[in-house]
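So the structure is just underneath, and the comments pick up after that.
Below you can see the structure in the form of structure tokens.
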């Protein structure tokens with residue numbers, strides 16, 4: 025019978041269950057590229073926010089820095105629990121001439 029196994033060569037990162045109910049690491053910083061951008065898509069309730077929160081917690085626990093642009097306050101609780109600064113749009117000015 026065929027033996028199917030998920031990729032297990034990654035060491036460190038976020039420990040997550042796979043679609044085959046196995047355990048695997050996910051580390052976006054070991055992909056062999058200097059570009060660590062992530063695009064994450066999925067329907068409502070698919071677990072996108074959960075996954076990003078897990079990644080953010082792991083990166084922070086490993087001494088990394090995390091910035092999250094959050095439209096709906098989904099990450100406010102996580103930010104405050106980790107001692108971060110949660111800013112609303114009222115605190116952010118992208119126009120350099122705002123205060124002149």
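Numbering (my numbering), first residue to last: 25 to 124.
We put the CB at the ideal spot given by N, CA and C, even for glycine.
Since the model is a prediction, treat every value here as computed from it, not as a measurement.
Residue i to residue j, Cα distance in whole Å?
i	j	result
residue 101	residue 68	20 Å
residue 71	residue 124	43 Å
residue 105	residue 113	20 Å
residue 111	residue 39	29 Å
residue 88	residue 37	12 Å
residue 93	residue 46	31 Å
residue 90	residue 84	7 Å
Tell me the DSSP secondary structure of residue i in three-state form.
i	result
residue 48	strand
residue 105	helix
residue 65	coil
residue 116	coil
residue 90	coil
residue 75	helix
Who are residue i's beta bridge partners in DSSP?
i	result
residue 41	47
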